[in-house]
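Which chain is which? The protein sequence lines are A and B, in order. According to the numbering used here, the first sequence is numbered sequentially starting from 2. According to the numbering used here, the second sequence is numbered sequentially starting from 8.
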Amino acid sequence: MTQAQADDTRVDWEAALVQRACGGDSRAFERLYREHSGRVYGLCLRMTRDVQLAEDCTQETFINAWRALARFETRSSLSTWLHRIAVNVSLAKRRKASPVEPSLDDEEGTGAATEWTLETPVEVREIEAAIEALPDGARDALVLHALYGYSHGEAAQMLGVAEGTCKAQLHRARKLLRERLNVEVG
Amino acid sequence: MSGADERKVGSLRELSPAIEPARDLWPQIQARINAERSTAAPPRPARVRALPPRWLAAAAVVASVAVGVWIGRSLLPAARPGAQSPISASRESFADAPTALDVAYVSDPRYQRDRAALMKTLQARLEALPPPARAKVMASLAAIQRAKQDLQNALGKDPGNALLQELLVDTYQDEMRVLTDVQASDAGREI
Chain A
2 MTQAQADDTR
12 VDWEAALVQR
22 ACGGDSRAFE
32 RLYREHSGRV
42 YGLCLRMTRD
52 VQLAEDCTQE
62 TFINAWRALA
72 RFETRSSLST
82 WLHRIAVNVS
92 LAKRRKASPV
102 EPSLDDEEGT
112 GAATEWTLET
122 PVEVREIEAA
132 IEALPDGARD
142 ALVLHALYGY
152 SHGEAAQMLG
162 VAEGTCKAQL
172 HRARKLLRER
182 LNVEVG
Chain B
8 MSGADERKVG
18 SLRELSPAIE
28 PARDLWPQIQ
38 ARINAERSTA
48 APPRPARVRA
58 LPPRWLAAAA
68 VVASVAVGVW
78 IGRSLLPAAR
88 PGAQSPISAS
98 RESFADAPTA
108 LDVAYVSDPR
118 YQRDRAALMK
128 TLQARLEALP
138 PPARAKVMAS
148 LAAIQRAKQD
158 LQNALGKDPG
168 NALLQELLVD
178 TYQDEMRVLT
188 DVQASDAGRE
198 I
């Protein structure tokens, strides 16, 4: 089976599980949770930098998803839908936990890196630590764009900022990563 | 965040987005969902009687299509002239390898007795229904039958698949709901 076929099959199963969960079947919803919890938790953890907060955000994400499942359109991507909820929940929790950082709204977006290649290979733990140390806005944009593969526009929409702001945050993230990792980030 | 991952990568795109939580978060999610369900309406009404037969047909079709696609792509060999039909293969493979859940359900004497009683009067009940309602019921039962056959076929290939087992038992239950609804219907009433 090709990867594309495997993905199609998974989506077919997912649509069936969503239908069943909409009918009140919590076992079907648990299967959706098992399928998506790692990526949702990974997003929440990178956005909040706090294990307890990330666990709370993950739970809140799936509870909100359960409540709104009847409004989810199975033609769209469930993972993207869940990630949107996770971003909203994480941003709200983070706003409660800490003051808002200075906005980059006035900065002009520059051509942000698209591949995020490193001049020389770096240990995963070192990169994760460098990402964790980034300011919130730059880290959010970087995680959604570079790790989760969302476009500038999609990441900006999820974060509730202008696309130019998102590009500026990515530019900032690349500059800070280059300084912290001491390698060129292309 | 990835603990002691000493693997080196040449691009941020190689980092895994997924991080597994240190503990299982599902029990608390389930508890919240159950608590909400006990105090408020579920995402959609779950009362079987309130569900029109077309919903059951749609559910059965979803299961049937999903299983069919899955079987076609992951289990069955490529179609060739003279190949055995999936349904006949289903019957044979299912007879060879019945699943524990399936056997337990269909061999339950109460299920057998209730189903036999409902089937006995089904034809008469159907004839008493208005033609549109009769057509809906027939379509629902046919869709459910197809879903059962697809699921049995899939389980013959993958007897340990818990989701398939659950879907099959649910399909038996869907069939019983339709039969019970037909039994309970009045001749002139839309079911």
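C-beta atoms are modelled at their ideal positions from N, C-alpha and C, and glycine is treated no differently.
Roughly how many angstroms lie between the CA atoms of residue i and residue j, to the nearest whole one?
i, j, result
"Gly25/A", "Ala147/A", "36 Å"
"Ala124/B", "Thr81/A", "48 Å"
"Leu79/A", "Lys127/B", "44 Å"
"Leu171/A", "Val52/A", "24 Å"
"Cys23/A", "His84/A", "19 Å"
"Arg120/B", "Val144/A", "58 Å"
"Arg98/B", "Gln172/B", "Only weak support exists for where Arg98/B lies, its pLDDT of 37 falling under 50; the coordinates are left without a value."
"Gly79/B", "Asn160/B", "Low confidence applies to Gly79/B: its pLDDT is 43, below 50, so where it sits in the model is not reliable enough to give any reading."
"Arg181/A", "Thr46/B", "51 Å"
"Arg179/A", "Glu185/A", "6 Å"
"Gln180/B", "Leu148/B", "12 Å"
"Lys168/A", "Ala139/A", "9 Å"
"Glu133/A", "Arg50/A", "7 Å"
"Asp12/B", "Arg35/A", "23 Å"
"Ile151/B", "Arg21/A", "15 Å"
"Glu134/B", "Ala146/B", "15 Å"
"Ala29/B", "Ala157/A", "30 Å"
"Val162/A", "Tyr118/B", "58 Å"
Any beta carbon of chain A sitting closer than 8 Å to that of residue i?
i, result
"Lys15/B", "yes"
"Ser147/B", "no"
"Ile151/B", "no"
"Ala161/B", "no"
"Ser45/B", "no"
"Pro24/B", "yes"
"Asp157/B", "no"
"Ala29/B", "yes"
"Ser18/B", "yes"
"Asp188/B", "no"
"Asp12/B", "yes"
"Glu173/B", "yes"
"Leu129/B", "no"
"Arg56/B", "Bear in mind that the predicted position of Arg56/B carries a pLDDT of just 41, short of 50, making it too unreliable to give a figure here."
"Ala104/B", "Below a pLDDT of 50, predicted positions are generally treated as unreliable, and Ala104/B, at 45, falls in that range; the measurement from the model is reported next regardless. Closer than 8 Å: no."
"Arg184/B", "no"
"Leu133/B", "no"
Does any residue of chain B bring its CB to less than 8 Å from the CB of residue i?
i, result
"Tyr151/A", "no"
"Val88/A", "no"
"Leu33/A", "no"
"Ala98/A", "no"
"Ser91/A", "no"
"Arg85/A", "no"
"Ala147/A", "yes"
"Gln170/A", "no"
"Thr59/A", "yes"
"Trp67/A", "yes"
"Glu185/A", "no"
"Trp117/A", "yes"
"Arg126/A", "yes"
"Gly165/A", "no"
"Leu135/A", "no"
Taking the Cβ atom as the reference point for each residue, do residue i and residue j lie within a distance shorter than 8 Å?
i, j, result
"Lys155/B", "Val123/A", "no"
"Leu19/B", "Val125/A", "no"
"Ser27/A", "Ile26/B", "no"
"Cys58/A", "Lys97/A", "no"
"Leu160/A", "Asp137/A", "no"
"Glu56/A", "Leu33/A", "no"
"Val90/A", "Asn65/A", "yes"
"Arg132/B", "Met183/B", "no"
"Tyr151/A", "Leu44/A", "no"
Between residue i and residue j, which are expected to be in contact by the criterion C-beta below 8 Å, what is the C-beta distance as a whole number of angstroms?
i, j, result
"Thr121/A", "Gly187/A", "Going by Cβ atoms, the distance from Thr121/A to Gly187/A rounds to 11 Å, so no, they are not a contact pair."
"Val19/A", "Thr75/A", "6 Å"
"Leu129/B", "Leu186/B", "7 Å"
"Ser38/A", "Leu170/B", "Going by Cβ atoms, the distance from Ser38/A to Leu170/B rounds to 17 Å, so no, they are not a contact pair."
"Leu135/A", "Leu177/A", "6 Å"
"Gln60/A", "Gln35/B", "6 Å"
"Leu162/B", "Thr178/B", "11 Å between Cβ atoms; not a contact."
"Pro24/B", "Arg175/A", "Incorrect: roughly 19 Å between the Cβ atoms, too far for contact."
Per DSSP, what kind of secondary structure is residue i in: helix, strand or coil?
i, result
"Leu143/A", "helix"
"Glu120/A", "strand"
"Val189/B", "helix"
"Gly43/A", "helix"
"Val144/B", "helix"
"Gly138/A", "helix"
"Ser152/A", "coil"
"Val16/B", "strand"
"Val125/A", "helix"
"Asp31/B", "coil"
"Val184/A", "coil"
"Arg50/A", "coil"
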